[in-house]
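Engineer: If you read the sequences in order, they're chains A and B. One gets our numbering by counting positions in the first sequence from 1 and adding 6 to each. One gets our numbering by counting positions in the second sequence from 1 and adding 6 to each.
2 protein chains.
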Amino acid sequence: MHLANPTKQTAVTTADKVFEQMQHAIVEGEIPSGSKISEPELAKRYQISRSTLREALNRLEKCHLIERKANVGSRVVDCTIEGLLELYITREALEGMACRQAAKNMSDEEIVDMKAMLKLHGQTQELKDGTAYYQEEGDLDFHYKIILGSHNRQLIDLICGQLYHLVRMYRCQFGMNSPRASRAFNEHSQIIQAICDRDGELAEMLMRRHIAASRKNIENKIAQQAL
Amino acid sequence: MHLANPTKQTAVTTADKVFEQMQHAIVEGEIPSGSKISEPELAKRYQISRSTLREALNRLEKCHLIERKANVGSRVVDCTIEGLLELYITREALEGMACRQAAKNMSDEEIVDMKAMLKLHGQTQELKDGTAYYQEEGDLDFHYKIILGSHNRQLIDLICGQLYHLVRMYRCQFGMNSPRASRAFNEHSQIIQAICDRDGELAEMLMRRHIAASRKNIENKIAQQAL
DNA sequence: CCGACAGAAATTGTCGACAAATATAAATTA
DNA sequence: TAATTTATATTTGTCGACAATTTCTGTCGG
Numbered sequence: 007m008h009l010a011n012p013t014k015q016t017a018v019t020t021a022d023k024v025f026e027q028m029q030h031a032i033v034e035g036e037i038p039s040g041s042k043i044s045e046p047e048l049a050k051r052y053q054i055s056r057s058t059l060r061e062a063l064n065r066l067e068k069c070h071l072i073e074r075k076a077n078v079g080s081r082v083v084d085c086t087i088e089g090l091l092e093l094y095i096t097r098e099a100l101e102g103m104a105c106r107q108a109a110k111n112m113s114d115e116e117i118v119d120m121k122a123m124l125k126l127h128g129q130t131q132e133l134k135d136g137t138a139y140y141q142e143e144g145d146l147d148f149h150y151k152i153i154l155g156s157h158n159r160q161l162i163d164l165i166c167g168q169l170y171h172l173v174r175m176y177r178c179q180f181g182m183n184s185p186r187a188s189r190a191f192n193e194h195s196q197i198i199q200a201i202c203d204r205d206g207e208l209a210e211m212l213m214r215r216h217i218a219a220s221r222k223n224i225e226n227k228i229a230q231q232a233l
Numbered sequence: 007m008h009l010a011n012p013t014k015q016t017a018v019t020t021a022d023k024v025f026e027q028m029q030h031a032i033v034e035g036e037i038p039s040g041s042k043i044s045e046p047e048l049a050k051r052y053q054i055s056r057s058t059l060r061e062a063l064n065r066l067e068k069c070h071l072i073e074r075k076a077n078v079g080s081r082v083v084d085c086t087i088e089g090l091l092e093l094y095i096t097r098e099a100l101e102g103m104a105c106r107q108a109a110k111n112m113s114d115e116e117i118v119d120m121k122a123m124l125k126l127h128g129q130t131q132e133l134k135d136g137t138a139y140y141q142e143e144g145d146l147d148f149h150y151k152i153i154l155g156s157h158n159r160q161l162i163d164l165i166c167g168q169l170y171h172l173v174r175m176y177r178c179q180f181g182m183n184s185p186r187a188s189r190a191f192n193e194h195s196q197i198i199q200a201i202c203d204r205d206g207e208l209a210e211m212l213m214r215r216h217i218a219a220s221r222k223n224i225e226n227k228i229a230q231q232a233l
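Encoded structure:
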């Protein structure tokens, strides 16, 4: 299993473990989007008390996977088109800035590391052309590396700790298997070049275009489906 | 008291109330930055059980006012220069985008409402020139209005629900009483004009400069203090 | 005197039960 | 029958106690 959250170490407490299980279950739609969450039922299913379940629910709420209302209960967030587009707008802002900061703050080792990863992605892409899964994972790894390279804890926590769980959820539930793999690969190359040149302004611009292109790609797909 | 969080309705459960009290206490430094939080002690102080205290702590963690480590405990986040600058970088990205979206999505009524507010701020500034407090509150109100005007729940929640508590905390603890009031007022006017013209690109650019200027102002102050 | 180790104290994590609030079902009335 | 009210049942919020882990304290050996 690839790392879902590169900032946190492995879970120790049982609430952490249940949180991770539920996170996967929600992201992959096993617990359906929009459904109500029954505390007694889930506590029984995971063999834990309601207290620790509520602890897990709090963490799920932190990454916006569920929503709670006082004296009413929790619901899994429902995946809407508007929500997806809003998410991409936010990503564009945050990851654009993270990319600018990465160009400024990444160490030389981090940069060569990132280049190596890109090279690897190019090879696997040649081999497994068509099956987009590896590119899918690779895309997330690429973005993670840049975000971490910003060396800005605020950005890192917001994007990796919160937004990206939602991103993965939408990708799963809408079956978005990165259809623009080769194009994305070229865009990734350009971005890394800009970071390599320490050109923060260009790096931010390219990253924003990269994400905006992804968003527009989705919008087109939606428009197509509506026919 | 002015509204700390315009998105949430008034607190109903006791955990909510304790959360709000602790939030104020932390923002204003009554519970010192960087200090460890003793669950038994605070539970006794607020006359509640540890369970509801922990519920309140979870909400404090959600807005990044405290940090928790498993089996160790919670600490109030400590205000460092680096943290402050990182926060402003993040604000620049998020509020810049929010401003762009506001230019696109704000209703005409919202715009005239915002204009009226600006006019009011100009008057109070004339009257109370020098005492920056009203401008301080006004500044936050201005930013809130634009963020809400983005009509993007993701942005609204991230900025208003999380970042701004930290912003207020830093303002309190570092005693930043908005020393650039008149200049900020002019910048606000320009931004509103751009929104009025539905020029999202310019609006984002101006907002980013506005926040970047504020950040640089802080950097200069710090450099001055270091002498 | 310093560091490693063992035991004691305190703190956090987890549990089951009760109180308060909400949602559901039944009953009454127009 | 439809709407409103009442009663029931379920769910959430809160509490105090126990278990597991960490931190502190004091002792011993080098």
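Even for Gly, the Cβ is constructed at its ideal location relative to N, Cα and C. As the structure is a computational prediction, the values presented were derived from the model and not from experiment.
So, residue 66 (chain B) versus residue 55 (chain B), is the Cβ gap smaller than 9 Å?
Structural biologist: Not a contact, by the Cβ cut-off of 9 Å.
Engineer: Residue 190 (chain A) to residue 113 (chain A), Cα distance in whole Å?
Structural biologist: Roughly 24 Å separates the two Cα atoms.
Engineer: Let me make sure I understand the geometry here. Which of B:223, B:231, B:202, B:33 has the alpha-carbon closest to that of residue 110 (chain B)?
Structural biologist: Here the closest residue by C-alpha is B:202.
Engineer: Indicate whether at least one CB of chain A lies closer than 9 Å to the CB of residue 108 (chain B).
Structural biologist: With 9 Å as the cut-off, residue 108 (chain B) does not count as an interface residue toward chain A.
Engineer: Whose C-alpha, out of A:31, A:222, A:217, is nearest the C-alpha of residue 99 (chain A)?
Structural biologist: The candidate whose alpha carbon is nearest that of residue 99 (chain A) is A:217.
Engineer: Within 10 Å of its beta-carbon, does residue 87 (chain B) have 16 or more other beta-carbons around it, so buried, or fewer, so exposed?
Structural biologist: Label assigned to residue 87 (chain B): exposed.
Engineer: Got a sec? Which residues, its chain only, sit under 6 Å from residue 148 (chain B) by beta carbon, not counting five neighbours each side?
Structural biologist: Contacts found: 194.
Engineer: Who are the near neighbours of residue 107 (chain B) in its chain, counting only those whose CB is closer than 6 Å to its CB and skipping five residues on each side?
Structural biologist: Hits under 6 Å: 156, 158.
Engineer: Compute the Euclidean distance between the alpha carbons of residue 71 (chain A) and residue 169 (chain B), then round it to the nearest angstrom.
Structural biologist: Their backbone Cα atoms lie some 19 Å apart in a straight line.
Engineer: May I ask you to report which of helix, strand or coil DSSP gives residue 284 (chain B)?
Structural biologist: The requested residue 284 (chain B) is not part of the displayed model; chain B covers only 7 to 233.
Engineer: Helix, strand or coil: how does DSSP classify residue 204 (chain A) here?
Structural biologist: Looking at residue 204 (chain A) - three-state DSSP - the assignment turns out to be coil, as it is neither helix nor strand.
Engineer: Nearest chain A C-beta to residue 163 (chain B) closer than 9 Å, yes or no?
Structural biologist: Residue 163 (chain B) counts as touching chain A.
Engineer: Using a C-beta to C-beta distance shorter than 8 Å, which residues of chain A count as neighbours of residue 95 (chain B)?
Structural biologist: Within chain A, the residues near residue 95 (chain B) are 103, 107, 158, 160, 161.
Engineer: Can you say whether residue 181 (chain A) is buried or exposed, counting buried as having 16 or more other CB atoms within 10 angstroms of its CB?
Structural biologist: By the neighbour-count rule (16 or more Cβ atoms within 10 Å), residue 181 (chain A) is not buried but exposed.
Engineer: Does any residue of chain B have a CB that is nearer than 9 Å to the CB of residue 67 (chain A)?
Structural biologist: Judged by the 9 Å Cβ criterion, residue 67 (chain A) is in contact with chain B.
Engineer: Strictly by DSSP, which residues pair up with residue 73 (chain A)?
Structural biologist: Answer by DSSP bridge pairing, in chain order: A:81.
Engineer: On a CA-only basis, which of B:219, B:225, B:96, B:47 is nearest residue 164 (chain B)? Give me that one, please.
Structural biologist: If we check each option's Cα against that of residue 164 (chain B), B:96 comes out closest.
Engineer: Measure the CB-CB distance between residue 105 (chain A) and residue 209 (chain A) and report whether it falls below 9 Å.
Structural biologist: Cβ atoms of residue 105 (chain A) and residue 209 (chain A): closer than 9 Å.
Engineer: Check whether chain A comes within 9 Å of residue 59 (chain B), counting only Cβ atoms and requiring the distance to be less than that.
Structural biologist: No - not a single Cβ of chain A is within 9 Å of the one on residue 59 (chain B).
Engineer: Using beta-carbon positions only, say whether residue 32 (chain B) and residue 82 (chain B) come within less than 9 Å of one another.
Structural biologist: Yes; because the gap between Cβ atoms is below 9 Å, this pair is in contact.
Engineer: Residues in its own chain within less than 6 Å of residue 63 (chain A) by CB, not counting five upstream and five downstream?
Structural biologist: 80, listed in sequence order.
Engineer: Would you kindly check if the distance between the Cβ of residue 120 (chain B) and the Cβ of residue 224 (chain B) is under 9 Å?
Structural biologist: The answer is no: Cβ separation not under 9 Å.
Engineer: Check the Cβ-Cβ distances between residue 89 (chain B) and every residue of chain A, and say whether any is below 9 Å.
Structural biologist: Cβ-Cβ to chain A under 9 Å: yes for residue 89 (chain B).
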